[in-house]
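Numbering (the working numbering), first residue to last: 1241 to 1840.
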């Protein structure tokens, strides 16, 4: 049990690749959280997919014990957060459980778009911020220029920024001293009724639902009967523990401490992230504010390749949504692909990661439909509805207007790539709001339709700037646009999984591209197959798959030509009949290939 004045809760915020996880490694090493033998790079990134991609997806917590230079022993609760815009919800949740933040800025790259976004999140929750300049061991480090940039762009004093190298361990002791002296200790009352915030939850195959909690008031002990305020469910605590970074069982968690509990929670819906946990016998008077619910911006359908896997997919999604509460799902059916789920994500990387995790952790082979954003439809009777799936769009005669979401995008890029960046934004129907300079870097603020960003905007931006640009966005508002639904018809039958909503100007190019791709993917039949893209009843693009031809005249040698004619006419009739009743089976991989993003 630590005194409140000796506890510090903090998180590390930074842009992607500025060294958050490496700094966390050095802090763990310096405080002796793991022995030299147990240390590995990016200790806290424990998912395979995080290690392969070199990104943090889940925020992780560690309790460290640090003896300061004045001889006092402090308990440090560290939260390592993701840097990518798609995992911003993880960042805001971690920040709500802390009192201070370490802002890590790369001493050669400087302030990036995501640095700004994450710092503002920390300022919103009244955090004390310690500025750290990382990668000082690089020859390209320019500390004085970056300090001036932090003051100019972020608006934080950077004179006493701590110069460190997380890779070599330079300056780590200064960071720990600054944490102890500059950050405020948590507040709380040990004697008050229990009040704890449920920060995160995940599913363990052996122990069931595990929950990460931050105690505000009171004490959490083994054997206590607790109540979840959101659902009213009661459970008895079986284990109380901390991550140091190995899971360690302890007797109790007091005010200001962060740890995990097992309480025999069987159903996923009982452990709502952001909920308040209190004592069943002596409940707290008011619950904690919790977290704002995350708003998914990209939707796509996920369908099992084998329809018998549908129940497994449901269970897998329930377990994943416990671990990642920022994605949502609901059941849907498609005439072409069968039963599946419509899932909502915070962005395309988020979508890719969830699909990959379903494949790796649960062994599911999935087809995903084209990603689409949420549109607003105003019907002729005055009702306003949200449209998640283009296949559900009502008839044109019933629609008054269609609105699409627009975002405010902040792009930071080196000066020499500014021209291509501006022309890319203009191509995507963007409107420039602001253009400012900090040294040789330009900061461009644009209004863009989210529909244009969803497909391959980020990949294009990275390729035209050789990876030097950074990109961050917030949803701004909905605007009425000239939008149309493009349906794809195979042999006259609409394929709902391939339908999409696009701006009228781009309808023809998008429709033609999908028809061309399907032409290579659908196997030839005994009759001609027409592939069409249509807006309502008007066909805007068409490709034809040529028929296979059986040589019916092979047995005729010589003789009157009318014998051959007769056989060919008979074949023609047969093909006509086949075409009328024949059904074209679209191979499963064709859906996936036809919707591959980034290949226009």
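We put the beta carbon where it would ideally sit given N, CA and C, even for glycine.
All values derive from a computational prediction rather than experimental measurement.
Ranked by Cα distance from residue 1350, the first of 1390, 1314 and 1342 is 1390.
The DSSP assignment places 1578-1585, 1606-1608, 1615-1619 and 1624-1627 as complete runs of the beta strand (DSSP E) inside the region 1569-1653, in order along the chain (cut-off: 3 residues). Taking the CA atoms as reference points, residue 1361 sits about 39 Å from residue 1634. With contacts defined by Cβ atoms closer than 8 Å, residue 1572 and residue 1578 do not form a contacting pair.
The C-beta separation of residue 1704 from residue 1685 comes to about 18 Å, leaving the pair out of contact by the 8 Å criterion. The beta carbons of residue 1701 and residue 1646 sit no closer together than 8 Å.
Taking every protein chain shown into account, the CB of residue 1451 has 16 or more other CB atoms within 10 angstroms, so this residue is buried. Three or more beta-carbon pairs separated by less than 8 Å are not found between the region 1648-1668 and the region 1743-1760, which leaves the two stretches without contact. It is roughly 13 Å from the alpha-carbon of residue 1642 to the alpha-carbon of residue 1717. Residues 1582, 1583, 1585, 1591, 1608, 1609, 1610, 1611 and 1612 of the same chain have their beta carbon placed closer than 8 Å to that of residue 1540, with the five preceding and five following residues left out of the count. When the five nearest sequence neighbours on each side are left out, the beta carbons in the same chain lying within less than 6 Å of the beta carbon of residue 1380 are those of 1348, in order along the chain. The Cβ neighbour count for residue 1260, taken over all protein chains shown within 10 Å, is at least 16; the residue is labelled buried. Pairing residue 1428 with residue 1678, the inter-Cα distance amounts to about 42 Å. Annotation note: the region 1725-1772 contains the following uninterrupted alpha helix (DSSP H) runs of length 4 or greater, listed N- to C-terminal: 1744-1761.
Per DSSP, residue 1783 is one residue of the beta strand (DSSP E) stretching across 1778-1785. Secondary structure in the region 1397-1475: the beta strand (DSSP E) runs of 3 residues or longer, each lying completely within the stretch, are 1435-1444, 1448-1457 and 1465-1468 in chain order. For residue 1355, the uninterrupted alpha helix (DSSP H) run begins and ends at 1353-1364, by DSSP.
Judged by beta-carbon spacing, residue 1473 lies beyond the 8 Å limit of residue 1355, meaning their Cβ atoms are not closer than that value.
Secondary structure at residue 1552: helix, using DSSP grouped into helix, strand and coil. Residue 1303 and residue 1496 do not touch by the CB rule: their CB atoms are close to 11 Å apart, not below 8 Å. The way I'd put it, the region 1391-1398 doesn't touch the region 1428-1438; fewer than three beta-carbon pairs between them come closer than 8 Å. Here residue 1419 is not near residue 1542, since their CB atoms are 8 Å or more apart. Listed in chain order, the non-local C-beta contacts of residue 1416 below 8 Å within the same chain comprise 1267, 1270, 1271, 1306, 1308 and 1316, local neighbours out to five positions each way being set aside. When secondary structure is reduced to three states using DSSP, residue 1665 falls in the helix class. With 16 or more other Cβ atoms from the protein chains shown falling within 10 Å of its own Cβ, residue 1692 counts as buried.
By the 16-neighbour rule on beta-carbons within 10 angstroms, residue 1671 is exposed. At least 8 Å separates the beta-carbon of residue 1433 from that of residue 1467. The residue among 1736, 1310 and 1370 with its C-alpha nearest the C-alpha of residue 1249 is 1370.
Shown here, residue 1511 sits in coil according to DSSP, grouped into three states, outside any helix or strand. In this model, residue 1411 and residue 1402 are separated by some 7 Å (Cα to Cα). Taking a 10 Å sphere around the C-beta of residue 1312, we find fewer than 16 other C-beta atoms and assign the residue as exposed. When beta bridges are read from the DSSP output, residue 1544 appears opposite 1606. For the pair residue 1458 and residue 1435, the CB atoms are nearer than the 8 Å cut-off. Beta-bridge annotation (DSSP): residue 1656 is not paired with any residue. Considering only 1735, 1746 and 1730, the residue with the shortest C-alpha distance to residue 1763 is 1730.
The alpha-carbon of residue 1506 is positioned some 23 Å away from that of residue 1301.
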